[in-house]
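Note sheet for the following structure.
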Amino acid sequence: MTKLYNDPADFRAELIEGFVAAYGRLVKRVPNASGVMAVDAPQPGKVALVIGGGSGHYPAFCGYVGPGLATAAVMGNIFTAPSAEQIYRVTKAVASQAGVLYCYGNYSGDVLNFDMAELRCQDEGIDARTVRVTDDVASAPRGQEDERRGIAGDFFVFKIAGASAARGDSLDEVERLARKANQRTRSFGVAFAGCTLPGQTAPLFTVAPGQMELGLGVHGEPGIQSSHMRPAREVADLLLATLLSDAPPRGGASVAVLLNGLGSTQYEELFVLYKDIHRRLLAEGLQPTQPIVAEMVTSLDMAGCSLTLCWLDDELTRLLNAPCASAAYTHA
Amino acid sequence: MTKLYNDPADFRAELIEGFVAAYGRLVKRVPNASGVMAVDAPQPGKVALVIGGGSGHYPAFCGYVGPGLATAAVMGNIFTAPSAEQIYRVTKAVASQAGVLYCYGNYSGDVLNFDMAELRCQDEGIDARTVRVTDDVASAPRGQEDERRGIAGDFFVFKIAGASAARGDSLDEVERLARKANQRTRSFGVAFAGCTLPGQTAPLFTVAPGQMELGLGVHGEPGIQSSHMRPAREVADLLLATLLSDAPPRGGASVAVLLNGLGSTQYEELFVLYKDIHRRLLAEGLQPTQPIVAEMVTSLDMAGCSLTLCWLDDELTRLLNAPCASAAYTHA
Amino acid sequence: MENAAKGAESVVRRWLAYALESMVVHEQELGRLDAVAGDGDHGATMVRGLRAAHTAAKEANGSAGDLLVAAGAAFADAGGGASGALLGALITTVGRALSDGPYNLTTTTTALQAGLATVTRLGKAQPGDKTLIDALQPFVDALAGQPADTPLIVAWRTALPAAEAGVAATQTMVAKRGRAAKLGERSFGHPDPGAVSLTYLLQAMSTVWDENHPS
Amino acid sequence: MENAAKGAESVVRRWLAYALESMVVHEQELGRLDAVAGDGDHGATMVRGLRAAHTAAKEANGSAGDLLVAAGAAFADAGGGASGALLGALITTVGRALSDGPYNLTTTTTALQAGLATVTRLGKAQPGDKTLIDALQPFVDALAGQPADTPLIVAWRTALPAAEAGVAATQTMVAKRGRAAKLGERSFGHPDPGAVSLTYLLQAMSTVWDENHPS
Ligand SMILES: Nc1ncnc2c1ncn2[C@@H]1O[C@H](COP(=O)(O)OP(=O)(O)O)[C@@H](O)[C@H]1O
Ligand SMILES: Nc1ncnc2c1ncn2[C@@H]1O[C@H](COP(=O)(O)OP(=O)(O)O)[C@@H](O)[C@H]1O
Ligand SMILES: [Mg+2]
Ligand SMILES: [Mg+2]
Ligand SMILES: [Mg+2]
Ligand SMILES: [Mg+2]
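Chains as they are written, first to last, in the working numbering: chain A, 1 to 332; chain B, 1001 to 1332; chain C, 2001 to 2215; chain D, 3001 to 3215.
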């Protein structure tokens, strides 16, 4: 439950102020907008990667702003897409002649607002494009991949697009690589308890004792299906089997792996779970590349986790391994 | 509540296997011991920094093993100090002629076991020394600083000792700097909900609605005192006032700051809280240096947070800013 | 004309005041409805949006249409999310179409039809997808189906039950837009929160007129 | 002599079996007691430690003293924490002192006194600090206070109530070692978990003898 706040109506403004105060060595506030940008932005000649979405998912989205990662993040209220106006203002602050790529999870509210901002920017002569993250296999069947939601797979797409932009790739190239990363990324998650919005006393959903929810959303949406709770090794099986049955065509053997905690699931539990995931990946002939077991896209204090695989090739691997620095993820 | 496990009796072994599988690029398992060591350990001529304690505090302790930080971590069961035997084995695996420094939070069980291992190593001619972290002002009054527990202040002491060891300082010097860092570090925390041990269904303590606990422990110990819940800005006041009234002599104006989340308190809440902490630090004439707002020493899924200040001088600042890489904290 | 226009501006401002009041009363209910298969923020979004819209209309000058344009922009920016964007665009579009009057059934119906078209173009939802369109479209149709000389107040009241029936109909729909098909199934048996809040907006207008002409 | 020694080895093994059984039964209770002002792991530590000690004694060869030495080392390593270190050292010290016998009241009292001294040296707790010492010390004193020719079984049973009274006395003590003074106050009214589990260990020995000589 959210305990630390003053007026819930000020939650977003206060969190942005606190974030910028803490990480001023990496980010600065976008003047007159609900967003943050890298200290060295705008960078002439480089594509600006603008990410964003509702708050409540930290480190997504502001925690990924910094050199080699995102140029800026537009921050909505808790679980609410930022408005087109705020996206527009943030874009204006960081856009260069090289253009702007929007990257965000595929949700109705985000699509509406980012699309409106994109149109407005294009009208003003800014080359703005969009790649939506659609990694959540639970949210739409095969063949309708474009309809899927974006969950923890966000991170790999941001990382790859950010590294491409940082090395000076053209907008065409940054967009191509982001799209490719997204097409090769799949996630699936389970939830054990719902989260509670600031100022509320009841969680958005509850999970009956001995049950878990399959196919969680990162906005406190319940899963697509309830199931009985089971030992960690069976949860590992379930997550992995679901992803492997939905593997992208021509994926190859090397996979980036993210076992993502949603908020109140302990890291220790994630490692216990990862033990079997790793074993089984190897048994399937897949090679985990730089696995990450951490909280990367959270859902307030929700309990649960998701597994993300990104099937790599050489160019994606290079970008994933490129150095970057941000409040939440630094790679040297 | 802990949800992901197989047999609770195997929890520690499985989490070590999972951790090493995920972060094999940074750590390797110590053969025949409950611990992990940096991939490049042992390093001839360099002091080995050995940290450790019970599990359930991730990233403490294994998440801090890697170049520029700890050489190895000995991992006990959940909330239980590792045995002297395991500490001894890990020490033997990483000790060089330059000696070994043990660094850990000051708890009865850890002291007993590390002291026994230290004696045994010294008997075998290994120069082993100890600096205990005693940052928790709630746990003993002024004048009895050595009796205090170690909580999130662990991180600053580890970081400074690790950087000193990494640059090749002598054991005398590494010990001196670790001791100095500890003497200049203070923490105080609040808890909103207790945590639940794996396999248990009830939390270690409960907090009545509208209440909070002051002076938490990171092992699910309740606070030293109950108090009524209050808005974030008053919690900021309380944390800061408590630390400032216990400031070390000749502290100076520059302070390292860690606002640490215990497990299920959201990052967004921590930023809202940090907003006022930062403002008030500045108002007090203190200069926050590289603040960290993150989960650095957790207590399973406990809700709450602690504030740590480390009063810096030039030599400590240099060490804090030195590069390092580990599963949980990388600084480029 | 001067007076009628002044009256219309005051109607817009009072509409936003009542709408805000109603949304504050229903904030928790809308949040709970949205939590069934969504993210629980709809009540908060509506309150935040209307608070900003109300302030914007109070501070803006110009015709009733101008006030609506300002209110819609403020709603969209402060509200955020899907409903912020869609309802903001709806209010702004209606405001542009109404401009500085006249304000009667014909102009209002045309304006709302333009608003509905905007919402459909932006959100790409069809009737039956379980969205606010399932309340808005029957209401607009019910307005359009009345003789052109019907007083707006009367026509509005006559059309309201169509919106309310539309809300009721969303209970047995499965959400199609913006949510997974399977999640949509969870919402079966519950009305769509956006359709519910849209109906509160329409009812608030009726309350303004009740105040002017208590029956 | 051969037989008596064999008997002693079997007593050690059966003692560990009963002790383990008793600790499994009381695991939750010990955890709850430890959670009052500590970290709730005492039950788990005792069970883990005794499981390893029991296995070690089963697999070890040698005198009863040797088995205790092996069991103590296994207890300390598997148990961990404060109680693992202290009880492990206690058991090992007693084993070393008892060596290969004889096993009577005098040797046992001397061995337990040595064990108590080790625990005090390592843990630096004083009587009254609310630790396992507050059960162990009265028990050892009660053994020592009996005539040297009292059969060990009889003396042990006679001394047990002193340990139990020691546990009861910890209820009104404030924990001083290893915990903050203030936290200690929270434990007022509850017995010390380490004193409780130590008494279970002493009682388990009595159970072994009950089995041999049901009264
Ligand atoms: N594409 C769309 N077209 C029409 N209405 C929509 C669309 N997407 C969402 N809505 C409406 O918005 C409501 C949800 O609003 P809200 O919860 O405030 O936004 P979000 O979905 O971004 O959290 C839904 O109940 C539905 O009526
Ligand atoms: N320094 C000490 N001296 C004697 N006994 C101690 C000491 N510290 C702890 N104990 C005993 O250990 C018990 C706690 O054991 P346990 O919970 O297993 O270890 P930990 O304190 O490491 O969590 C206490 O109840 C007390 O009886
Ligand atoms: Mg939303
Ligand atoms: Mg313990
Ligand atoms: Mg919503
Ligand atoms: Mg304990």
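Glycine is no exception: its CB is placed at the ideal position from the N, C-alpha and C atoms.
{"Check": "Which residues in the same chain have their Cβ closer than 7 Å to the Cβ of F1061 (chain B), if we skip the five residues on either side of it in sequence?", "Outcome": "I1051, G1052, G1053, A1073, M1075"}
{"Check": "Tell me whether the beta-carbon of V1272 (chain B) lies closer than 7 Å to the beta-carbon of L26 (chain A).", "Outcome": "no"}
{"Check": "Y58 (chain A) and A1232 (chain B) - do their beta-carbons sit closer together than 7 Å?", "Outcome": "no"}
{"Check": "Return yes when the Cβ of Q266 (chain A) is within less than 7 Å of the Cβ of D1313 (chain B), no when it is not.", "Outcome": "no"}
{"Check": "Helix or strand or just coil, what does DSSP make of S2215 (chain C)?", "Outcome": "At S2215 (chain C) the pLDDT is 48, less than 50, meaning the model places this residue with poor confidence and gives no usable figure here."}
{"Check": "The beta strand (DSSP E) that contains F188 (chain A), what's its start and end?", "Outcome": "185 to 193"}
{"Check": "For the segment 43 to 58 of chain A, which residues have a CB atom closer than 8 Å to at least one CB atom of chain C, in sequence order?", "Outcome": "G54"}
{"Check": "Taking C-alpha atoms, which residue in B:A1138, B:A1165, B:L1197, B:G1150 lies nearest to N1077 (chain B)?", "Outcome": "B:L1197"}
{"Check": "CB G1223 (chain B) to CB S1299 (chain B), shorter than 7 Å?", "Outcome": "no"}
{"Check": "Starting from E85 (chain A), find everything on chain B with Cβ-Cβ shorter than 8 Å and list it in chain order.", "Outcome": "Chain B residues near E85 (chain A): none, gap ~22 Å exceeds 8 Å."}
{"Check": "Where the beta carbon is closer than 5 Å to any heavy atom of ligand 5, which residues qualify, in chain order?", "Outcome": "C:D2034, C:G2038, C:D2039, C:D2041, C:H2042"}
{"Check": "Does the beta carbon of T1330 (chain B) sit closer than 7 Å to a beta carbon anywhere in chain A?", "Outcome": "yes"}
{"Check": "The alpha helix (DSSP H) spanning N113 (chain A) covers which residue range?", "Outcome": "108 to 123"}
{"Check": "Going by DSSP, what residues sit across from V94 (chain A) in a beta bridge?", "Outcome": "Its beta-bridge partners do not exist; DSSP assigns none."}
{"Check": "Which residues mark the beginning and the end of the beta strand (DSSP E) in which V1131 (chain B) is found?", "Outcome": "1128 to 1133"}
{"Check": "Could you tell me which chain D residues have their CB closer than 7 Å to the CB of T1080 (chain B), listed as they occur along the chain?", "Outcome": "D3041, T3045, G3080, G3081"}
{"Check": "Please look up how many angstroms separate the CB atoms of R3013 (chain D) and L3067 (chain D), rounded, as I've assumed it's under 8 Å.", "Outcome": "7 Å"}
{"Check": "Relative to the alpha-carbon of A3159 (chain D), which residue among D:H3054, D:N3061, D:D3141 has its alpha-carbon at the smallest distance?", "Outcome": "D:D3141"}
{"Check": "What residues in the segment 1108 to 1119 of chain B bring their beta carbon closer than 7 Å to a beta carbon of chain D?", "Outcome": "S1108, G1109, L1112, N1113, M1116"}
{"Check": "I need the boundaries of the alpha helix (DSSP H) containing D3138 (chain D), first residue and last residue.", "Outcome": "Per the sequence shown, the amino acid found at residue 3138 (chain D) is Pro instead of Asp. Per DSSP, P3138 (chain D) belongs to the alpha helix (DSSP H) from 3133 to 3144."}
{"Check": "Consult DSSP for H228 (chain A) and reduce its assignment to one of helix, strand or coil.", "Outcome": "strand"}
{"Check": "State the DSSP-derived secondary structure class of Q3113 (chain D), mapped to helix, strand or coil.", "Outcome": "helix"}
{"Check": "Starting from the Cα of Q1290 (chain B), find the closest Cα among B:L1319, B:L1216, B:G1217 and give me that residue.", "Outcome": "B:L1319"}
{"Check": "Give a yes or no on whether the minimum CB-CB distance between A1060 (chain B) and chain A is below 7 Å.", "Outcome": "no"}
{"Check": "Per DSSP, what are the beta-bridge partners of S1254 (chain B) in this structure?", "Outcome": "B:Q1287"}
{"Check": "Could one say the Cβ of A2035 (chain C) lies closer than 7 Å to chain A's Cβ atoms, at least one of them?", "Outcome": "yes"}
{"Check": "Measuring only from the beta carbon, is G1052 (chain B) closer than 6 Å to any heavy atom that is part of ligand 2?", "Outcome": "no"}
{"Check": "Span of the beta strand (DSSP E) holding T2045 (chain C)?", "Outcome": "Not the beta strand (DSSP E): T2045 (chain C) falls in the alpha helix (DSSP H), residues 2042 to 2059."}
{"Check": "Determine the contact status of L259 (chain A) and F188 (chain A), defining contact as a CB-CB distance below 7 Å.", "Outcome": "no"}
{"Check": "Just the chain A side, please: which residues come within less than 9 Å of A2019 (chain C) by C-beta, in chain order?", "Outcome": "Ordered by position in chain A, no residue passes the 9 Å Cβ test against A2019 (chain C), which lies about 18 Å from the chain."}
{"Check": "From L3172 (chain D) to T1080 (chain B), what does the alpha carbon distance come to, in whole angstroms?", "Outcome": "Correcting the residue type first, residue 3172 (chain D) is Thr in the shown sequence and not Leu. C-alpha separation (whole angstroms): 26 Å."}
{"Check": "Taking C-alpha atoms, which residue in B:G1217, B:R1179, B:Q1211 lies nearest to L1204 (chain B)?", "Outcome": "B:G1217"}
{"Check": "If I measure Cβ to Cβ from T1185 (chain B) and keep anything under 6 Å in the same chain, skipping five residues before and after, which residues do I get?", "Outcome": "D1135, G1153, F1156, C1310"}
{"Check": "Counting only Cβ pairs nearer than 8 Å, list the residues of chain D close to V1076 (chain B).", "Outcome": "Correcting the residue identity first, residue 1076 (chain B) is Gly in this sequence and not Val. Per Cβ cutoff of 8 Å: G3080, G3081."}
{"Check": "Kindly provide the ranges of any alpha helix (DSSP H) runs that are 4 or more residues long and lie completely inside the segment 1041 to 1102 of chain B, ordered along the chain.", "Outcome": "1084 to 1094"}
{"Check": "Does the segment 1168 to 1184 of chain B come close enough to the segment 1099 to 1108 of chain B to have 3 or more Cβ pairs within less than 8 Å?", "Outcome": "yes"}
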